[in-house]
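Trainee: Starting off with a structure, shown below.
There are 2 protein chains.
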Amino acid sequence: MYEQELLALAAAALSALGLRPRDAHDAARILVLGDLFGIHTHGVERIESYGERIRLGGINPQPDIHAERVAATIARVDGDNGVGPLVGMRALDAAMAMAREFGTAVVLARASNHFGPIAPYNYLAAIEGFASIVGSNATTTIAPTGGADARLGNSPIGFGLPNPNGRPVILDMALSVVARAKIREALKRGEAIPDTWATDRDGRPTTDPQAALDGFLLPIGGYKGYGLALVVDLFAGLLSGAAYLTHVHSWSEEPEKPQNLGHFFFLVDTARLGTGAWLGERMNDFAAIVHATPPVDPDRAVKLPGEIELDRLERQRREGIDVDPAVCERLARMARGE
Amino acid sequence: MYEQELLALAAAALSALGLRPRDAHDAARILVLGDLFGIHTHGVERIESYGERIRLGGINPQPDIHAERVAATIARVDGDNGVGPLVGMRALDAAMAMAREFGTAVVLARASNHFGPIAPYNYLAAIEGFASIVGSNATTTIAPTGGADARLGNSPIGFGLPNPNGRPVILDMALSVVARAKIREALKRGEAIPDTWATDRDGRPTTDPQAALDGFLLPIGGYKGYGLALVVDLFAGLLSGAAYLTHVHSWSEEPEKPQNLGHFFFLVDTARLGTGAWLGERMNDFAAIVHATPPVDPDRAVKLPGEIELDRLERQRREGIDVDPAVCERLARMARGE
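Chains as they are written, first to last, in this note's numbering: chain A, 1 to 338; chain B, 1001 to 1338.
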């Protein structure tokens, strides 16, 4: 399925859930970019879970999203409990408008929900010439270092740097060593996991995938990843006026309740720093130095962050998107109101 | 030695190296805060290495530091190869002035040198009410994931969040699993190291500390830490107009050459987001939730990032700073021009 078709299908499904047409299109754009990057778990298949929460009253399909300009370069966005990618797109648009005028901007969004993959926001900012740092808080799955209870979300953070003469650099990551899905896969296969992935419910490192699923994800780098996850929550949750830490409701356990998630968007207009030629030359020189690193495995060249995802984006824009046909079929049924 | 005495001693030593009095005082402030936080490796003892580089012509003792305002909220600072903490302080001051007026600001500094510990910049910003993200690039010690050559510095990054009703949260970290100093200690003791700390020169994980010192530091979280170190270099080095990646000269191997390091300072004025009472209440609630986490070890309560350093700061401000008397003696001799 090609990009425009998937976008139309996703927008139609979101419209059928009650979103206004323009809102449905904007939210669909983020999710389809997720699929284009190959992050299918955060692509259009998420629409089904959004639909479930809308039906339960946990998400508002027609939010009145309000941006309050509290300084020349700061806006606080109240997402009015809308679907996350819609709140995210409105916040990103507000940030780009302010940064275009003043050079930098910060938008802090509250009263939001799961806002999809992060890379699309960094990508959309980068193709407009903005360097960006974007983050969100999330339902708690990580224990603080030395603690035996989940208090932090596996908060995602993304960075984007534009390249007027080539590809942007995009880094989109969560702060756990691995995602819970990887532990579930090990459990299915009956395999032990490395003791660096998770702890049991008492906070002790474990190789037993079931004990790990009953316990807590370990952050990268021990207290460093714990600190990063905490800082993301401070920016995305605390400063925005959203929920933070254990105040965040779980979308899976309490789907009928607003989550009050928060996001942040920091933008810098790189056009103020020099010409496009200047920036493009430096970005390409930077990429060339990284690519010229002697590889450990002669058959596997060193890559920049986001390079695999941008390869997929370009290939799938040419050849069509590898999205699960069963997901498309279900979205088509949703769009027909079935 | 008390804070004011150490500040006077450090400023006198820097003045004797040729810095102007006000410049010497401002640079000393960052280094003394490093000692107050207990980060002595990045405290006043650094002045000796700065002196060596000044004598070799590698650092300019009387730089003409110039801030070019390229947008309402962006300044590019040319450090004119001055000592790093001085360039850093000028950049931070420029960022605070812009953020106070417009809400946010970014300052990108080039033509700088090792700018000391990061936590002091975040701390100084936080006590003025600014949330901050500060970073610097550094001499290459980390290989990209899948690569067998050092292309990235162990770039430090720091975050600060103010708390009008209590303590700020400060996270100051480098992106390697451990510092090279820890590997040197293992070598001295004749001990093996975990294979997660470093690789040998072919990029293969090693438990041999000598092979590790001949090889490359491993970043936290594998490709995630590699990506973070790379992004810090893009913001601090590439966007600022400084050197980046292998263009950065090593201060230890080529002390007579300008390093052309770069730094970035992102600031948000939290006074625009709500009252001090609002922010203080949320920060204290946040801290209380983290502190209430059941500890893995009943005798070791869970801590916030920066808490250990802020404990030391408060204690050393009351009781005096535990700085090596031999370092103080050498600084006193420098200050007397011996």
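Cβ coordinates follow ideal geometry from the N, Cα and C atoms, glycine included. Here the structure is a predicted model, which means the values were calculated and not measured.
Using a Cβ-Cβ cutoff of 7 Å, what residues of the region 1155-1166 of chain B are near chain A? List them in chain order.
Mentor: Phe-1159 and Leu-1161
Trainee: Is it buried or exposed, A/Tyr-2, if we count other Cβ atoms within 10 angstroms and call 16 or more buried?
Mentor: exposed
Trainee: Relative to the C-alpha of A/Gly-147, which residue among B/His-1291, B/Leu-1019, B/Glu-1005 and B/Val-1327 is closest?
Mentor: Closest in alpha carbon position to A/Gly-147, among B/His-1291, B/Leu-1019, B/Glu-1005 and B/Val-1327, is B/His-1291.
Trainee: Exposed or buried, which one is B/Ile-1308 when buried takes at least 16 other CB atoms within 10 Å?
Mentor: exposed
Trainee: Counting C-beta neighbours from all protein chains within 10 Å, is the total for B/Glu-1314 16 or more, i.e. buried, or is it exposed?
Mentor: By the Cβ-count criterion, B/Glu-1314 is exposed, with fewer than 16 other Cβ atoms from all chains shown falling within 10 Å of its own Cβ.
Trainee: At 4 residues or longer, what runs of the alpha helix (DSSP H) sit wholly inside the region 1101-1157 of chain B?
Mentor: 1119-1127
Trainee: Is the beta carbon of B/Tyr-1373 sitting closer than 9 Å to the one on B/Phe-1037?
Mentor: In the structure displayed, chain B extends from 1001 to 1338; residue 1373 of chain B sits before or after that span and is not available.
Trainee: With 9 Å as the limit, tell me which residues of the region 219-237 of chain A have their beta carbon closer than that to any beta carbon of chain B; keep them in chain order.
Mentor: Within the region 219-237 of chain A, the qualifying residues are Pro-219, Ile-220, Gly-221, Gly-222, Tyr-223, Lys-224, Gly-225, Tyr-226, Gly-227, Leu-228, Leu-230, Val-231, Asp-233, Leu-234, Phe-235 and Gly-237.
Trainee: Just list the beta strand (DSSP E) runs in the region 1065-1091 of chain B, keeping only unbroken ones of 3 residues or longer that don't cross its boundaries, in chain order.
Mentor: Along the length of the region 1065-1091 of chain B, whole beta strand (DSSP E) runs at least 3 residues long occupy 1066-1071 and 1074-1078, reported in chain order.
Trainee: Identify every residue that forms a DSSP beta bridge with A/His-263.
Mentor: Beta-bridge partners assigned by DSSP to A/His-263: A/Ala-109 and A/Ser-136.
Trainee: Please confirm whether A/Phe-264 and A/Val-107 have their CB atoms less than 9 Å apart.
Mentor: yes
Trainee: Going by the beta-carbon positions, is the gap between A/Val-296 and B/Leu-1171 smaller than 9 Å?
Mentor: no
Trainee: Using a C-beta to C-beta distance shorter than 8 Å, which residues of chain B count as neighbours of A/Ala-143?
Mentor: For A/Ala-143, the chain B residues whose Cβ falls inside 8 Å of its Cβ are Thr-1293, in order along the chain.
Trainee: Span of the alpha helix (DSSP H) holding A/Met-173?
Mentor: Looking at the DSSP string, A/Met-173 is not in any alpha helix (DSSP H); the run it does join, the beta strand (DSSP E), is 169-173.
Trainee: Given 8 Å as the limit, is there contact between the region 236-246 of chain A and the region 102-117 of chain A, that is, 3 or more CB pairs closer than that?
Mentor: In this structure the region 236-246 of chain A touches the region 102-117 of chain A; the number of beta carbon pairs closer than 8 Å is three or more.
Trainee: Check each candidate in B/Gly-1262, B/Arg-1189, B/Arg-1046 and B/Arg-1022 and name the one with the smallest Cα separation from B/Val-1323.
Mentor: B/Arg-1046
Trainee: Using a Cβ-Cβ cut-off of less than 8 Å, list which residues of the region 102-113 of chain A approach chain B; keep chain order.
Mentor: If the cut-off is 8 Å between Cβ atoms, the region 102-113 of chain A has Phe-102, Gly-103, Thr-104, Ala-105, Val-106 and Leu-108 near chain B.
Trainee: From what residue to what residue does the alpha helix (DSSP H) around A/Phe-278 run?
Mentor: Contrary to the premise, residue 278 of chain A reads as Trp rather than Phe in this sequence. 276-291 is the span of the alpha helix (DSSP H), which, as asked, contains A/Trp-278.
Trainee: In the DSSP assignment, find the unbroken alpha helix (DSSP H) run with A/Pro-21 in it and report its ends.
Mentor: Bounds of the alpha helix (DSSP H) holding A/Pro-21 are 21-36.
Trainee: Using the Cβ count rule (16 or more neighbours within 10 Å means buried), how would you classify B/Gly-1057?
Mentor: Answer is exposed; the Cβ neighbour count stays below 16.
Trainee: Might you give, ordered along the chain, the residues of its own chain that have their beta carbon closer than 6 Å to the beta carbon of B/Pro-1209, omitting 5 neighbours on each side?
Mentor: Ile-1183, Ala-1186, Leu-1187 and Ile-1193
Trainee: Thinking C-alpha only, which one of B/Pro-1294, B/Ser-1252 and B/Gly-1166 is nearest B/Ala-1138?
Mentor: B/Ser-1252
Trainee: Starting from A/Gly-225, trace the alpha helix (DSSP H) both ways and give me its first and last residue.
Mentor: 223-233
Trainee: Return yes when the Cβ of A/Leu-331 is within less than 9 Å of the Cβ of A/Val-44, no when it is not.
Mentor: yes
Trainee: Mark B/Gln-1062 as exposed unless 16 or more other C-beta atoms lie within 10 angstroms of its C-beta, in which case mark it buried.
Mentor: exposed
Trainee: Please list, in chain order, the residues of the region 167-197 of chain A that have any C-beta partner in chain B closer than 7 Å.
Mentor: Val-169, Leu-171, Met-173 and Val-177
Trainee: Roughly how many angstroms lie between the CA atoms of B/Leu-1218 and B/Ala-1198, to the nearest whole one?
Mentor: 5 Å
Trainee: Check whether the Cβ of A/His-247 lies closer than 9 Å to any Cβ atom in chain B.
Mentor: So, interface residue.
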